[in-house]
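Q:
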Amino acid sequence: MNKPTYIHYGAEVSLFSGKTRAYLRYKGIPFEEHKASAKVVRELLYPNTGVRVIPVLKTPENEFVQDTTEIIDYLEQRFTDSSVYPKNPSVKLAALLLELFADEWLLLPAMHYRWFYKKRHLWFVLKEFGANGVPHWPKFIQPLFGVLPALYFGKMFGPVLGVSKRNYKAIELWYESFLSQLDMHFQKYDFLLGNSPCIADFGFIGPLYAHLYRDPYSGELMRSKAPNVALWVERMNQLSPEQANLGFVDSVPSTLTPIFERMFKEQFPVLKETIERVASRISTHPTAKLPRFLGKFEFSIGNSKETRLINSYAQWMLQRPVNFYQSLDTQHLQAVNGWLQSVGGQESMNIKITTQLIRKRNLLYPKKA
0 MNKPTYIHYG AEVSLFSGKT RAYLRYKGIP FEEHKASAKV VRELLYPNTG
50 VRVIPVLKTP ENEFVQDTTE IIDYLEQRFT DSSVYPKNPS VKLAALLLEL
100 FADEWLLLPA MHYRWFYKKR HLWFVLKEFG ANGVPHWPKF IQPLFGVLPA
150 LYFGKMFGPV LGVSKRNYKA IELWYESFLS QLDMHFQKYD FLLGNSPCIA
200 DFGFIGPLYA HLYRDPYSGE LMRSKAPNVA LWVERMNQLS PEQANLGFVD
250 SVPSTLTPIF ERMFKEQFPV LKETIERVAS RISTHPTAKL PRFLGKFEFS
300 IGNSKETRLI NSYAQWMLQR PVNFYQSLDT QHLQAVNGWL QSVGGQESMN
350 IKITTQLIRK RNLLYPKKA
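Residue numbers (numbering that gives the first Met the number 0): 0 to 368.
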């Protein structure tokens with residue numbers, strides 16, 4: 000008897016589609032890959048999710064699940080073998096933090112390299128957008144469809160993420176340093192936290208595959224400067240259930256320390272400000288949905304400063320590691336705090352989130368007390 004089949008609506012060019020696609024393959028979940036064409040988004044996905052965002056998973060029961068983290072957690076409850084969440088408290092916290100880092104902070108180099116190096120990437124991206132958006136059009140005119148989304152993403156990402164002529168060189172220096180650190184890590188380990196992929200690996204594969212490996216210029220950069228990272232990307236795209244249960248590490252590898260140190264130094268000030276802005280908004284609008292953005296904030300990458308928008312969704316992602324850490328009993332806290340102190344993160348993990356956010360029909364609302 001055939002197992003019920005899931006349908007994964009996404010695109011190879013889509014950053015977050017790579018996260019869920021790799022997960023589905025790893026868990027051996029029967030699924031079909033369908034292009035999220037303009038017609039599919041308009042007539043199927045938007046009516047059933049309320050948002051025009053991919054990927055979306057359609058279940059055998061005709062449910063539509065949107066958001067990569069929601070999709071993975073939904074499937075983890077149904078396919079309980081080979082969980083992608085490590086059991087060791089320090090390692091699980093590290094995995095949750097790395098997923099947050101990947102989903103929110105690796106967007107900076109992913110979007111910068113795609114849209115800054117237009118001479119190398121634009122024709123490639125237009126063809127990709129067209130082939131996915133209007134697959135029924137003749138190939139020679141498909142790129143025309145890609146012009147509008149390219150204009151939107153190409154102009155939107157800078158002010159939203161805080162990438163500009165003032166700081167792009169600092170972003171490139173940071174990214175190349177990150178690649179070097181990750182390359183050294185993958186000399187020793189097949190995956191981020193051991194011999195099996197965890198939630199952090201699925202977070203990383205999004206930006207590191209769809210943008211930074213597949214796009215021509217950034218792909219050449221990765222393969223030349225960090226060949227072990229490129230091999231990890233290829234490994235992540237060939238996952239199967241046979242790689243499950245090979246085990247996670249018992250402690251967070253020191254090869255990841257530089258990544259965590261910069262995360263707490265540079266990303267967490269933005270996250271702390273996000274919590275404050277969300278709390279301020281909820282104090283005046285206690286039951287209303289949260290707007291996507293909550294004003295501007297100056298942040299730093301290396302020695303460069305720039306202004307970006309505060310994204311309320313980042314608090315929802317931050318709640319995962321913070322809530323896990325703050326729920327630990329005294330016995331486990333000692334070991335976890337020892338690791339956090341070594342990477343400069345203990346103070347950050349004790350941050351107080353006054354009002355939790357929940358997702359309702361893919362929008363954010365304050366959680367009722």
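Cβ atoms here follow ideal geometry from the backbone N, Cα and C, with glycine treated the same way.
Computed from a predicted structure; not experimentally measured.
1) Can you grab the Cα-Cα spacing for the pair Lys-271 / Val-342, in whole Å?
2) So, Leu-143 versus Gly-129, is the Cβ gap smaller than 9 Å?
3) Tell me, to the nearest whole angstrom, how far the beta carbon of Val-83 is from that of Glu-75; I am working on the premise that it is less than 8 Å.
4) Please classify Lys-34: does DSSP put it in a helix, a strand, or coil?
5) Does DSSP put Ser-303 in a helix, in a strand, or in coil?
6) Which full runs of the beta strand (DSSP E) of 3+ residues lie inside the stretch 209 to 268, going along the chain?
7) Compute every distance between the C-beta of Leu-317 and the non-hydrogen atoms of the ligand FAD, then say whether any falls below 8 Å.
8) Using the three-state DSSP reduction, which class does Gln-369 fall into: helix, strand or coil?
9) Do Tyr-427 and Tyr-112 have their C-beta atoms closer together than 9 Å?
10) Can you list, in chain order, the residues of its chain whose CB lies under 6 Å from that of Ile-6, leaving out five sequence neighbours each side?
11) Nearest to Gly-27 by CA position, among Pro-3, Gly-49, Ala-37 and Val-50, is which residue?
12) Does the contact criterion of 3 or more C-beta pairs under 8 Å hold for the stretch 239 to 251 versus the stretch 193 to 202?
13) Do you know whose CA, among Val-269, Arg-24 and Leu-14, lies nearest Glu-241's CA?
14) Is Leu-92 helix, strand or coil when you go by DSSP?
15) Take Ser-326 as the anchor and find which of Lys-351, Phe-177, Arg-291 and Val-12 has the nearest alpha-carbon.
A: Well, looking at it:
1) For Lys-271 and Val-342, the distance between alpha carbons rounds to 18 Å.
2) Closer than 9 Å, so yes.
3) Yes, they are in contact, since the Cβ atoms of Val-83 and Glu-75 sit about 7 Å apart, within 8 Å.
4) Assignment of Lys-34 by DSSP, reduced to helix, strand and coil, places it in the strand class.
5) In the three-state DSSP reduction, Ser-303 falls in the strand class (E or B).
6) None, since the stretch 209 to 268 contains no complete beta strand (DSSP E) of that length.
7) Looking at this structure, you won't find the ligand FAD or any other ligand, since it has none at all.
8) As displayed, the chain neither begins before 0 nor continues past 368, which places residue 369 out of reach and without an answer.
9) As displayed, the chain neither begins before 0 nor continues past 368, which places residue 427 out of reach and without an answer.
10) These residues qualify, in order along the chain: Glu-31, His-33 and Lys-57.
11) Considering only alpha carbons, the answer is Pro-3.
12) Taking one beta carbon from each stretch, the stretch 239 to 251 and the stretch 193 to 202 have 3 or more pairs nearer than 8 Å; the two touch.
13) Considering only alpha carbons, the answer is Arg-24.
14) In the structure shown, Leu-92 adopts helical secondary structure according to DSSP, grouped into three states.
15) Per the Cα distances, Lys-351.
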